[in-house]
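A short worksheet on the structure shown next.
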Amino acid sequence: MALVRETYQRLFNSTPNIQVIHAGLECGLFKKPYPNMDMVSIGPTITGPHSPDEQVHIESVGHYWTLLTELLKAIPAK
Numbered sequence: 006m007a008l009v010r011e012t013y014q015r016l017f018n019s020t021p022n023i024q025v026i027h028a029g030l031e032c033g034l035f036k037k038p039y040p041n042m043d044m045v046s047i048g049p050t051i052t053g054p055h056s057p058d059e060q061v062h063i064e065s066v067g068h069y070w071t072l073l074t075e076l077l078k079a080i081p082a083k
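For reference, each letter of the sequence shown is one residue, going 6 to 83 in my numbering.
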């Protein structure tokens, strides 16, 4: 979480909006076989998920992509 927060702040000069929500099923699936792995679920801003009104905020897709590529560069090799 610290890496995500610090990278976001460096890239966008603002504090990320960190929330605990009822979603992120994929993290739960990975956590079971890898209980010691640190993980976080991130993505673009979506409203009305899984409904006819579902929308993605296009500007947030660019921010997400920038954040994701920077995070992948920062992951230490093992």
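Beta carbons are placed, not taken as given, at the ideal position from N, Cα and C, and that holds for glycine.
Query raised in the report: So what's residue 1 in DSSP terms, helix, strand or just coil?
Result: Outside the displayed span of the chain (6 to 83) sits residue 1, for which this structure offers no information.
Query raised in the report: Looking at the C-beta of residue 45, does it have a partner C-beta in chain B at a distance below 8 Å?
Result: Protein chains in the displayed structure number just one, and chain B is not present.
Query - Length of the line joining the Cα atoms of residue 40 and residue 25 - result: Indexing the sequence shown from 1 puts residue 40 at position 35. Indexing the sequence shown from 1 puts residue 25 at position 20. Rounded to the nearest whole angstrom, the CA to CA distance from residue 40 to residue 25 is 19 Å.
Query raised in the report: If you run the structure through DSSP and keep just helix, strand and coil, what is residue 52?
Result: In the sequence shown, counting from the first residue as 1, residue 52 sits at position 47. Shown here, residue 52 sits in a strand according to DSSP, grouped into three states.
Query raised in the report: Where do the N-terminal and C-terminal ends of the alpha helix (DSSP H) with residue 20 fall, by residue?
Result: In the sequence shown, counting from the first residue as 1, residue 20 sits at position 15. No alpha helix (DSSP H) contains residue 20, which DSSP labels as neither H nor E.
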